[in-house]
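*Asks:* Anchor point for the sequence shown: position 533 equals 533 in full-length UniProt numbering, and the numbering is continuous, going up by one each time. Let me begin by handing over the structure; questions about it come next.
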Amino acid sequence: MGESLREALSKRVLVADGAMGTLLYQFGTQRSVEELNLSHPESIQKIHEEYIKAGADMIQTNTYAANYLKLERYGLQEKVLQINKAAVENAKAARKNHSVFILGTIGGIYSPGERKLNEASIEEIKRSFKEQLYALLLAGVDGILLETYYDLNELCEMLKVAKEATDLPIIANVTMQEIGVLSSGVTLEHAFEELQTLGADVVGANCLLGPSHMVQVFERVPLKQGRRLACYPNASLPAIENGTIIYEKGTAHFALCSEQLRQEGVSIIGGCCGTTPAHTKAICQGLKTIEIVKQKEGVFSDSKPISNRKKEKGKRICEKVKETCTILVELDPPRTLDTARFFEGIEALQKVQVDKITISDNSLARPRISNLALAAILKHRYQISPLIHLTTRDHNLIGLTAEIMGLHELGIFDVLAVTGDPARVGDFPGASSVRDISSLGLIKMIKQFNQGIAYTGKHLVESSDFRVAAAFNPNVAKVERAVQVIKKKQEAGADYIITQPVYDRKILARFAQSLKEAKIDLPIFIGIQPLTSSRNAEFIHHEVPGISLTDEVRERLQHAEQPKSEGIQIAKELIDEIALYFNGFYLVTPFQEYPLSVELVKYIQSKKRS
Numbered sequence: 001m002g003e004s005l006r007e008a009l010s011k012r013v014l015v016a017d018g019a020m021g022t023l024l025y026q027f028g029t030q031r032s033v034e035e036l037n038l039s040h041p042e043s044i045q046k047i048h049e050e051y052i053k054a055g056a057d058m059i060q061t062n063t064y065a066a067n068y069l070k071l072e073r074y075g076l077q078e079k080v081l082q083i084n085k086a087a088v089e090n091a092k093a094a095r096k097n098h099s100v101f102i103l104g105t106i107g108g109i110y111s112p113g114e115r116k117l118n119e120a121s122i123e124e125i126k127r128s129f130k131e132q133l134y135a136l137l138l139a140g141v142d143g144i145l146l147e148t149y150y151d152l153n154e155l156c157e158m159l160k161v162a163k164e165a166t167d168l169p170i171i172a173n174v175t176m177q178e179i180g181v182l183s184s185g186v187t188l189e190h191a192f193e194e195l196q197t198l199g200a201d202v203v204g205a206n207c208l209l210g211p212s213h214m215v216q217v218f219e220r221v222p223l224k225q226g227r228r229l230a231c232y233p234n235a236s237l238p239a240i241e242n243g244t245i246i247y248e249k250g251t252a253h254f255a256l257c258s259e260q261l262r263q264e265g266v267s268i269i270g271g272c273c274g275t276t277p278a279h280t281k282a283i284c285q286g287l288k289t290i291e292i293v294k295q296k297e298g299v300f301s302d303s304k305p306i307s308n309r310k311k312e313k314g315k316r317i318c319e320k321v322k323e324t325c326t327i328l329v330e331l332d333p334p335r336t337l338d339t340a341r342f343f344e345g346i347e348a349l350q351k352v353q354v355d356k357i358t359i360s361d362n363s364l365a366r367p368r369i370s371n372l373a374l375a376a377i378l379k380h381r382y383q384i385s386p387l388i389h390l391t392t393r394d395h396n397l398i399g400l401t402a403e404i405m406g407l408h409e410l411g412i413f414d415v416l417a418v419t420g421d422p423a424r425v426g427d428f429p430g431a432s433s434v435r436d437i438s439s440l441g442l443i444k445m446i447k448q449f450n451q452g453i454a455y456t457g458k459h460l461v462e463s464s465d466f467r468v469a470a471a472f473n474p475n476v477a478k479v480e481r482a483v484q485v486i487k488k489k490q491e492a493g494a495d496y497i498i499t500q501p502v503y504d505r506k507i508l509a510r511f512a513q514s515l516k517e518a519k520i521d522l523p524i525f526i527g528i529q530p531l532t533s534s535r536n537a538e539f540i541h542h543e544v545p546g547i548s549l550t551d552e553v554r555e556r557l558q559h560a561e562q563p564k565s566e567g568i569q570i571a572k573e574l575i576d577e578i579a580l581y582f583n584g585f586y587l588v589t590p591f592q593e594y595p596l597s598v599e600l601v602k603y604i605q606s607k608k609r610s
């Protein structure tokens with residue numbers, strides 16, 4: 001080709017191709033689309049040829065997920081070089097003598113609902129990215145397309161790596177869940193500014209939004225001197241038909257929106273999910289000219305300032321525990337529709353003035369009355385603002401968002417963010433554990449509400465006032481190493497830590513020392529669950545994940561004439577030891593036996609007075 005991609009970008013609007021995966025469903029959705037570069041090269045070449053025939057000026061390699069981290073799920077992580085090389089060869093074979101540019105495509109890693117991928121560190125992502133980038137450059141592409149990046153920081157870091165490795169043009173595309181704003185709440189204009197500063201030749205957006213919404217997005221974006229814009233809309237909003245995601249097949253509307261995008265300054269127009277060569281042809285037909293719009297003002301919509309209408313009154317427990325003894329008591333919601341015992345316990349605990357009552361979220365994966373419903377009753381009947389447990393096991397991202405918004409409206413601002421015991425250990429072993437995100441992701445999600453921003457990046461008009469607790473299990477062989485988990489949770493935004501129940505006094509000293517050596521200063525609440533019988537002790541030791549009892553404790557319960565009294569005595573001895581190192585006490589009430597918790601609350605309070 002006589003003309004370089006950089007030269008073409010400066011002269012005219014370029015039409016890009018559309019989706020690859022949409023046309024590869026015939027091979028099934030449970031396999032790697034990228035592996036088809038090796039096993040079915042003729043199919044990949046044919047799709048490229050169809051896009052070129054439809055009028056595409058540039059095609060992208062079938063390598064969106066051809067990196068170590070994403071290929072690992074298919075056991076193909078050792079074939080990164082082969083797959084990327086084959087993908088470029090397939091694109092070149094399809095190009096033949098056509099004047100078409102080939103973009104080496106690299107997709108983002110962080111993505112809503114991809115729990116395992118979202119736990120990858122930025123260094124792991126960089127290593128994976130470098131390997132794929134090297135393979136594409138070695139195979140010989142005309143430019144690099146970074147697409148479907150939900151996380152601006154990830155995209156910026158990968159852009160830096162790419163700029164150090166090549167002088168080829170780089171297109172950097174973000175993905176939005178809300179019009180004009182990224183999931184972090186950063187505006188598209190701010191993202192584009194940052195990407196341009198780092199050296200992106202073209203900045204743009206792809207995926208999730210259809211053509212109409214993309215037009216609205218780019219209406220808001222000012223076109224400054226030297227800025228090049230790219231847009232790859234989905235064919236439409238998705239629908240479900242017979243369990244399969246489908247998109248609007250008509251292309252007339254897509255053609256109309258393509259010209260509108262050009263008028264808003266977009267100079268690379270292609271397609272994403274649901275688009276086909278017919279959409280590429282529609283873009284070509286819809287464009288009235290290929291002349292580039294070089295400058296325009298953005299049309300900004302007025303945004304209401306964020307207010308903080310609701311705040312919890314008084315000193316928060318995560319602040320109080322730094323100064324003095326602080327007591328939390330957990331009550332499990334009833335497993336039946338009889339709530340009398342539960343509310344008796346609430347009244348008894350309120351009478352002894354515990355600092356906070358906490359309500360679990362289907363602990364041990366056993367269904368109970370909704371803790372949000374009980375929290376609402378506590379708030380309005382007793383003027384109690386409880387600490388609510390929220391699991392990622394039972395709620396997808398939609399449900400979690402709704403729960404958090406509901407807590408805000410109730411004025412309940414203390415949340416324990418946990419993954420939750422797996423469904424297989426509970427009453428419904430065949431039930432699915434949702435887990436769209438990890439507990440770390442949930443912590444970040446909740447704390448983002450304090451900025452008035454939803455997980456999608458949507459501005460919520462009001463900010464919230466959440467304090468988030470994170471769980472930790474000190475009952476491990478090497479607690480010195482395990483405390484690094486607390487650091488990660490602190491970095492995610494955790495305000496304090498609640499531990500699993502501890503029955504070994506030796507653990508407490510080691511735990512306290514490990515925190516000191518790791519320079520972790522988060523407030524800690526140590527879990528204490530009184531044992532009620534030898535049978536109860538054996539069940540916890542052998543069947544409850546993450547908790548183990550010492551032989552001494554089990555023997556004391558086994559030989560005790562009054563096991564319940566012995567269990568209380570053991571708990572008091574643990575409290576004495578905890579008080580040497582920590583201010584926070586977290587009492588777990590067994591079997592709604594609230595008198596046991598009341599007795600222990602009084603014991604802790606008596607130690608405080610003495």
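Here a beta-carbon is modelled for each residue, glycine too, at the ideal position from N, C-alpha and C. No experiment lies behind these values; they were computed from the predicted model shown.
Considering only the beta carbon of each residue, do Leu287 and Val13 sit closer than 8 angstroms?
*Replies:* Taking 8 angstroms as the Cβ cut-off, Leu287 and Val13 qualify as a contacting pair.
*Asks:* So, are the CB atoms of Thr61 and Leu159 less than 8 angstroms apart?
*Replies:* Not in contact: Thr61 and Leu159 (Cβ atoms no closer than 8 angstroms).
*Asks:* Can you give the Cα-Cα distance for Lys85 and Ser432, rounded to whole angstroms?
*Replies:* Their backbone Cα atoms lie some 38 angstroms apart in a straight line.
*Asks:* Ser363 to Glu78, Cα distance in whole Å?
*Replies:* Their Cα atoms are separated by approximately 40 angstroms.
*Asks:* By the three-class DSSP mapping on this structure, what secondary structure does Arg227 have?
*Replies:* Coil, per DSSP.
*Asks:* Check this for me: beta carbons of Pro386 and Thr358, under 8 angstroms apart or not?
*Replies:* Yes, these two residues count as a Cβ contact at 8 angstroms.
*Asks:* According to the neighbour-count rule (16 or more other Cβ atoms, all chains shown, within 10 Å of its Cβ), is Ser597 buried or exposed?
*Replies:* Ser597 should be labelled buried.
*Asks:* What's the gap between the Cα of Tyr455 and the Cα of Leu81?
*Replies:* So the two alpha carbons sit approximately 35 angstroms from each other.
*Asks:* Indicate whether Ile524 and Phe582 have their beta-carbon atoms separated by less than 8 angstroms.
*Replies:* Their beta carbons are under 8 angstroms apart, which means Ile524 touches Phe582 by this criterion.
*Asks:* Taking only runs that begin and end inside the stretch 114 to 150, name each unbroken alpha helix (DSSP H) of 4 or more residues, in chain order.
*Replies:* Listed in chain order, they are 115 to 118 and 122 to 139.
*Asks:* Give the secondary structure of Arg467 by DSSP, where H, G and I count as helix, E and B as strand, and everything else as coil.
*Replies:* The answer is strand: DSSP assigns Arg467 an E or B state.
*Asks:* Just to confirm my understanding: we take Ile547, look at its own chain, exclude 5 residues before and 5 after, and list those with CB closer than 7 angstroms. What are they?
*Replies:* Taken in chain order, the residues that qualify are Asn475, Gln500, Pro501 and Ile540.
*Asks:* Let me confirm a value: Tyr25 is counted as buried when at least 16 other C-beta atoms fall within 10 Å, else exposed. Which label applies?
*Replies:* Exposed, by the Cβ-count rule.
*Asks:* Indicate the three-state DSSP secondary structure (helix, strand or coil) for Asp302 in the structure shown.
*Replies:* With a pLDDT of only 48 at Asp302, under the threshold of 50, the placement of this residue in the model should not be trusted; the figure read from the coordinates follows. Reduced to three states, the DSSP call for Asp302 is coil.
*Asks:* To the nearest angstrom, how far is the alpha carbon of Thr175 from that of Val553?
*Replies:* Distance between the alpha carbons of Thr175 and Val553: 55 angstroms.
*Asks:* Between Leu374 and the rest of its own chain, which residues show a CB-CB distance below 7 angstroms, the 5 nearest in sequence each way excluded?
*Replies:* So the qualifying residues of the chain are Pro333 and Ile359.
*Asks:* With DSSP as the reference, label Leu208 as helix, strand or coil.
*Replies:* Coil.
*Asks:* Which of the three DSSP states, helix, strand or coil, is assigned to Pro501?
*Replies:* The answer is strand: DSSP assigns Pro501 an E or B state.
*Asks:* What first and last residue would you give for the beta strand (DSSP E) that runs through Val329?
*Replies:* Its beta strand (DSSP E) spans residues Thr326 to Leu331.
*Asks:* Do Lys444 and Glu178 count as a contact pair if the criterion is CB distance below 8 angstroms?
*Replies:* Taking 8 angstroms as the Cβ cut-off, Glu178 and Lys444 do not qualify as a contacting pair.
*Asks:* If you draw a straight line from the alpha carbon of Pro112 to that of Thr419, how long is it in whole angstroms?
*Replies:* Distance between the alpha carbons of Pro112 and Thr419: 16 angstroms.
*Asks:* With distances taken Cα to Cα, identify the nearest neighbour of Phe413 among Leu400, Asn450 and Thr63.
*Replies:* Considering only alpha carbons, the answer is Asn450.
*Asks:* Here's the rule: buried if 16 or more other CB atoms are within 10 angstroms of the residue's CB, otherwise exposed. What is Leu407?
*Replies:* By the 10 Å Cβ count, Leu407 comes out buried.
*Asks:* For Pro545, does the count of other Cβ atoms within 10 angstroms reach 16, so buried, or fall short, so exposed?
*Replies:* Looking at its Cβ environment, which holds fewer than 16 other Cβ atoms inside 10 Å, Pro545 is exposed.
*Asks:* When DSSP labels each residue in this structure, what does His459 get in the three-state scheme?
*Replies:* Of the three classes helix, strand and coil, the one that applies to His459 here is strand, per DSSP.
*Asks:* Given a threshold of 16 other Cβ atoms within 10 Å of its Cβ, counted over all protein chains shown, does Ser606 qualify as buried or as exposed?
*Replies:* Under this definition Ser606 is an exposed residue.
*Asks:* If distances are taken between C-alpha atoms only, which option among Cys257, Cys207, Pro222 and Leu223 comes closest to Pro238?
*Replies:* Checking every option, the nearest Cα to that of Pro238 belongs to Cys207.
*Asks:* For Lys296, does the three-state DSSP call read helix, strand or coil?
*Replies:* Correct three-state label for Lys296: strand.
*Asks:* Can you give me the Cβ contacts of Ala492 inside the same chain, cut-off strictly under 6 angstroms, excluding the 5 residues immediately before and after it?
*Replies:* Correct list, in chain order: Leu440, Ile443 and Lys444.
*Asks:* Pull up the distance between the alpha-carbon of Asp302 and that of Ser184, whole angstroms please.
*Replies:* Residue placement at Asp302 cannot be trusted, given a pLDDT of 48 that sits under 50; what the coordinates show is reported in the next sentence. The straight-line gap from Cα to Cα measures roughly 19 angstroms.
*Asks:* Cα-Cα, which of Met20, Lys602 and Glu593 is closest to Leu331?
*Replies:* Checked all of Met20, Lys602 and Glu593; the closest Cα to Leu331 is Glu593.
*Asks:* Have a look at Lys311, Gln562 and Glu114 and flag the residue whose alpha-carbon is nearest the alpha-carbon of Arg435.
*Replies:* Of the listed residues, the one whose Cα sits closest to Arg435 is Glu114.
*Asks:* Report the CB separation of Leu587 from Leu328 in whole angstroms; it is logged as a contact under 8 angstroms.
*Replies:* That pair is a contact at about 7 angstroms.
*Asks:* Which first and last residues belong to the alpha helix (DSSP H) in which Gly104 is found?
*Replies:* Unbroken run through Gly104 is the beta strand (DSSP E), Phe101 to Gly107; no alpha helix (DSSP H).
*Asks:* Should Val33 go down as buried or exposed, given a rule of 16 or more other Cβ atoms within 10 Å for buried?
*Replies:* Under this definition Val33 is a buried residue.
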